[in-house]
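Using our numbering, the first residue of the sequence shown is number 40, and each one after it goes up by one.
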Amino acid sequence: MKKIITSLLIFLLLALPLGGCVLRGQYKKYTSTIFATFDTVIQITAYAKSEQEFDSYFQMAAARFKQLHKLYDIYHDYEGINNIKTINDNAGIRPVPVEQEIIALLAFSQEWCQRTGGKTNIALGPVLRIWHNYRSAAIANPAEARLPTQGALVEASLHTDINKVVLDKARGTVFLEEEDMALDVGAVAKGFAVELVARELSAAGLKAGVINAGGNVRSLGIPPDGRETWTIGLEDPRGERKILTSLNVGETAVVTSSGQQRHYQVDGVHFHHIIDPATLWPATYHQAVTVVTPDSGLADFLSTALFILPYEEGLELVEKLKDVEAIWITPAGEIKFTAGLEGQLKGTG
Ligand code: ADP
Ligand code: MG
40 MKKIITSLLI FLLLALPLGG CVLRGQYKKY TSTIFATFDT VIQITAYAKS EQEFDSYFQM
100 AAARFKQLHK LYDIYHDYEG INNIKTINDN AGIRPVPVEQ EIIALLAFSQ EWCQRTGGKT
160 NIALGPVLRI WHNYRSAAIA NPAEARLPTQ GALVEASLHT DINKVVLDKA RGTVFLEEED
220 MALDVGAVAK GFAVELVARE LSAAGLKAGV INAGGNVRSL GIPPDGRETW TIGLEDPRGE
280 RKILTSLNVG ETAVVTSSGQ QRHYQVDGVH FHHIIDPATL WPATYHQAVT VVTPDSGLAD
340 FLSTALFILP YEEGLELVEK LKDVEAIWIT PAGEIKFTAG LEGQLKGTG
């Protein structure tokens, strides 16, 4: 026994100066990709002892993302499944029995909407649907790109009261009280799903890895190779896949909302997909906002909310919350960030 301990100690002492990769012999890094869920490519990177072990985590994550994608879909029906679209189709008609994952997402979104002043509102569906239709039409035929009328937006906004989303947790049902209501969970569902999958992978034994769901990153543990942190690159919101800065983090979520992802142009002006419920038009305060907080669902929810708030109000909100940090890219390309990120961001002075 003593001999084993001694040789282990020597191994550690030898290994440490050689690049600090203490566990490199035991763990290897693997990466694989899930396509066609949540409108994005989801990359799973994990440290595992064998390819077989990695594959079992990967298959588990892939199956779960496919299932959650169907449950949180607002555009398509699936045989034998009541999803968010089913809830919308039954607005004003009847409560819809749904899986617990839907109730959890809606309860979470309702609670945080109340706690953050209502900027991220999953009941904004009627307004978002108008923008979605105009954007789709413009992308299909750019010469015919048009803007919605203020009248239509205002009319739609009359049916966006989140308090009329009735959750019956005991019965497991959801009811939209008015027939013109509709849920749009685009601001939060992907991050919420990533959080569920991250926790399930962790419970299954995964110690270290990263889920990257198109700008929605959630790390698990720390890399078992002597580094203390993961390095997460933040893309320049103006595109070209250029890295603007990078962030060193432990186990947390890093989620970005930007006005450059889904947008269209009318007479040379950009109109993107994040809509301010106060104006009913795309918010124009920032190029992008990134939120760093342990829960990926909350990071996603807040990134959308902060994108719709002026910097000062956003900062005030973040400072009231525990364990939440944020990075703003202003329209001029300047980077602002909360004090807690001091020393974690590269290349920002
Ligand atoms: P991403 O598309 O990268 O996930 P967000 O998390 O910011 O970006 O989500 C944007 C999506 O959220 C939009 O496509 C739309 O479906 C929805 N959305 C836009 N504005 C709002 C809002 N004010 N409240 C709730 N959901 C919104
Ligand atoms: Mg979001």
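Ideal placement from N, C-alpha and C gives every residue a C-beta, glycine not left out.
A quick note: this is a predicted structure, and the numbers were derived from the prediction, not measured.
- With a threshold of 7 Å, the Cβ atom of Thr159 counts as near the ligand ADP, since some heavy atom of the ligand is closer than that.
- Boundaries cannot be given for Leu384, as no beta strand (DSSP E) includes it and DSSP labels it neither H nor E.
- Taking every protein chain shown into account, the CB of Lys208 has fewer than 16 other CB atoms within 10 angstroms, so this residue is exposed.
- The count of Cβ pairs closer than 8 Å, one atom from the stretch 85 to 93 and one from the stretch 246 to 256, reaches three, so the stretches are in contact.
- Put simply, of Glu290, Pro316 and Gln326 the residue whose alpha carbon is nearest the alpha carbon of Leu273 is Gln326.
- Leu197 sits exposed, since fewer than 16 C-beta atoms from the chains shown fall within 10 Å of its C-beta.
- Around Ala130, the same chain offers Leu215, Glu218 and Met220 as residues with beta carbons nearer than 6 Å, after the five sequence neighbours per side are excluded.
- Just so you know, the alpha carbons of Val213 and Ala317 end up roughly 26 Å apart.
- Around the CB of Glu364, 16 or more other CB atoms lie within 10 Å, so the residue is classed as buried.
- The three-state reading of DSSP puts Phe77 in coil, since its state is none of H, G, I, E or B.
- In terms of Cα proximity to Ala228, the closest of Val166, Ala146, Phe74 and Trp170 is Ala146.
- The Cβ neighbour count for Arg133, taken over all protein chains shown within 10 Å, is under 16; the residue is labelled exposed.
- Contact check for Thr268 and Gly289: beta-carbon distance about 6 Å, within the 8 Å limit, so the pair qualifies.
- A residue is called buried once 16 or more other Cβ atoms fall within 10 Å of its Cβ, and Thr155 is buried on that count.
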